[in-house]
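Trainee: Below is a structure I'd like to ask you about.
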Amino acid sequence: MAAKKQNWSIFIIAIFVFIIWQLPALGILRYPFILLGTWFHEMGHGLTAILLGGNFSHLEIYENGGGVAFTSLPSNSSLPYSLARALTAAGGLLGPSIFGAILIISSARANWSVWVLRAFIVLIVASILIWVRSLIGATVLSLIAVVLMILSSLKNKSITKWTLLFLGIQCTFSTYLQIDYLFTGTFERFGQTVNSDTQVIATNLFGFYWMWAIVICAISAYVLYKSYAFYLRKNSM
Numbered sequence: 013m014a015a016k017k018q019n020w021s022i023f024i025i026a027i028f029v030f031i032i033w034q035l036p037a038l039g040i041l042r043y044p045f046i047l048l049g050t051w052f053h054e055m056g057h058g059l060t061a062i063l064l065g066g067n068f069s070h071l072e073i074y075e076n077g078g079g080v081a082f083t084s085l086p087s088n089s090s091l092p093y094s095l096a097r098a099l100t101a102a103g104g105l106l107g108p109s110i111f112g113a114i115l116i117i118s119s120a121r122a123n124w125s126v127w128v129l130r131a132f133i134v135l136i137v138a139s140i141l142i143w144v145r146s147l148i149g150a151t152v153l154s155l156i157a158v159v160l161m162i163l164s165s166l167k168n169k170s171i172t173k174w175t176l177l178f179l180g181i182q183c184t185f186s187t188y189l190q191i192d193y194l195f196t197g198t199f200e201r202f203g204q205t206v207n208s209d210t211q212v213i214a215t216n217l218f219g220f221y222w223m224w225a226i227v228i229c230a231i232s233a234y235v236l237y238k239s240y241a242f243y244l245r246k247n248s249m
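First residue of the sequence shown: 13, per this note's numbering; consecutive thereafter.
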């Protein structure tokens with residue numbers, strides 16, 4: 013009976029997260045997770061650039077929930093520069109779903125969740141010290157890190173597991189919330205017209221931004237489906 017209840021926990025939390033995002037009265041509670049979603053996105057850009065041998069200078073998170081990662085890529089790499097740019101752009105778009113999948117998968121086993129939560133806290137703190145260059149971003153991320161440290165210090169595996177599951181599902185909704193951005197070719201940032209990430213991919217590879225938006229949606233949906241399936245499989249044993 014306990015296993016059956018545990019099997020439904022991911023859906024219970026998903027409904028709870030959905031309610032948070034739908035009720036206007038919960039805007040204050042929702043705001044930190046909007047900025048956290050931006051952090052996942054921009055860290056996706058930055059970490060992808062690093063993996064490709066480039067540089068991740070810093071990132072900024074704005075009060076309105078927007079953000080930008082400042083990266084550069086080597087022109088003398090064995091990987092074509094245009095492909096590296098496209099991959100870096102895709103890294104931000106896939107960041108929330110990949111981070112979310114890692115957190116959901118890790119929450120499936122109590123022993124994993126303890127170490128992954130600690131690693132996640134370290135990553136947040138490291139990003140604040142090394143990359144985050146906006147006051148609102150640093151403040152909100154610091155508060156999130158403090159809350160996670162407190163939860164981690166309780167040394168309760170169930171709390172740790174549910175915390176990771178909650179954060180992972182929040183990432184799922186971050187992926188959902190960027191759909192409008194995915195299907196946008198350009199947007200305005202501080203009065204300047206800027207290409208969206210999907211347009212950057214199309215410019216450096218081929219096709220149209222909406223085509224790459226569909227590809228990103230499909231990959232995100234697959235990654236999230238596999239993480240949900242893994243959680244349900246491990247918690248039905």
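Note that the Cβ used here is the ideal one computed from N, Cα and C, for glycine as well. These numbers were taken from a predicted model, which means no experiment stands behind them.
(1) Ordered along the chain, which non-local residues of its own chain (more than five positions away) have a Cβ less than 7 Å from that of Thr60?
(2) Run through the DSSP bridge pairs and tell me what Arg121 is partnered with.
(3) By DSSP, does Gln34 sit in helix, in strand, or in coil?
(4) Whose C-alpha, out of Leu71, Ile62, Gly180 and Ser109, is nearest the C-alpha of Ser89?
(5) Return the CA-CA distance between Glu72 and Trp33, expressed in angstroms with no decimal places.
(6) Identify every run of the alpha helix (DSSP H) within the stretch 117-182, keeping only runs that are complete inside it and at least 4 residues long; order them along the chain.
(7) In chain order, what residues of the same chain have a beta carbon less than 7 Å from the beta carbon of Val235, not counting five sequence neighbours either side?
(8) Just the C-alpha distance for Asn123 and Cys183, rounded to the nearest angstrom, thanks.
(9) Give the list of continuous beta strand (DSSP E) stretches no shorter than 3 residues that lie fully inside the stretch 62-92.
(10) For Cys229, which residues of its own chain have a beta-carbon under 6 Å away from its beta-carbon, when the five flanking residues on both sides are left out?
(11) Any idea which residues DSSP pairs Phe199 with across the strands?
(12) Answer yes or no: the CB of Asn207 versus the heavy atoms of the ligand ZN, is any distance below 7 Å?
Mentor: By the coordinates alone:
(1) Leu99, Thr100 and Gly103
(2) According to DSSP, Arg121 bridges with nothing at all.
(3) In the structure shown, Gln34 sits in a helix (DSSP, three-state: H, G or I).
(4) Ile62
(5) When the Cα atoms are used, Glu72 and Trp33 turn out to be separated by approximately 23 Å.
(6) 122-142 and 147-165
(7) Excluding sequence neighbours, Val235 sits near Ser109, Ile110 and Ala113.
(8) 22 Å
(9) Contiguous beta strand (DSSP E) elements confined to the stretch 62-92 occur at 67-73 and 79-84, taking only those with 3 or more residues.
(10) In its chain, beyond the 5 residues on either side, no residue has a beta carbon closer than 6 Å to the beta carbon of Cys229.
(11) BP columns for Phe199 point to Val206.
(12) Among the ligands in the structure shown, none appear at all, so the ligand ZN cannot be discussed.
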